[in-house]
Amino acid sequence: MDYCLGDPDGSATMWTAVPDVDLDADGTPDGVGLDFDGDGRLDDVLADLDGDGLAEHAVLDVDDDGRAESYFTDDGSGTWALRVDRGG
1 MDYCLGDPDG SATMWTAVPD VDLDADGTPD GVGLDFDGDG RLDDVLADLD
51 GDGLAEHAVL DVDDDGRAES YFTDDGSGTW ALRVDRGG
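In this note's numbering, the protein residues as written are 1 to 88.
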């Protein structure tokens with residue numbers, strides 16, 4: 001899976017990683033565990049749920065039950081601009 005993250009200097013870096021998180025609980029890994037928020041835990045996920053090889057979901061602070069504090073999708077421009085209300 002490929003994903004792109006911005007760097008502090010304003011540039012961006014493309015990364016490739018083998019999915020190691022099953023975000024949609026279908027039995028197949030579809031996301032990469034990362035630490036976006038700097039809390040020292042790999043509880044944040046970039047996921048490719050449409051299977052095109054590119055991450056389009058960013059999920060922050062996933063707990064042991066699979067619930068997330070924040071959930072964002074790529075708006076099609078490569079920007080994580082769309083916050084998603086995932087409900088209870």
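Positions of the beta carbon are idealized from the N, C-alpha and C atoms, including for glycine.
Beta strand (DSSP E) segment containing residue i, residue limits
| i | result |
| --- | --- |
| Asp75 | Segment: none, Asp75 is in no beta strand (DSSP E) and carries neither H nor E. |
| Gly6 | 2–6 |
Cβ-based burial, residue i [other Cβ within 10 Å; buried from 16]
| i | result |
| --- | --- |
| Glu56 | buried |
| Met108 | Since the first and last residues shown for the chain are 1 and 88, residue 108 lies out of range. |
| Asp48 | buried |
Nonlocal neighbours in the same chain, by C-beta distance under 8 angstroms from residue i, ignoring five residues either side
| i | result |
| --- | --- |
| Asp35 | Arg41, Leu42, Asp43, Asp44 |
| Gly33 | Asp20, Val21, Leu42, Asp43, Asp44, Val45 |
| Met14 | Asp2, Tyr3, Cys4 |
Nearest-angstrom Cβ-Cβ length linking residue i and residue j, presumed shorter than 8 angstroms
| i | j | result |
| --- | --- | --- |
| Gly27 | Pro19 | Not confirmed; about 12 angstroms, so no contact. |
| Leu60 | Asp24 | With a Cβ gap of about 16 angstroms, Leu60 and Asp24 do not count as contacting. |
Cβ-based neighbour list, residue i, same chain, cut-off 6 angstroms, excluding 5 preceding and 5 following
| i | result |
| --- | --- |
| Gly6 | Ala12 |
_Complete alpha helix (DSSP H) runs within the region 16–57 (minimum length 4 residues, chain order)_ = none
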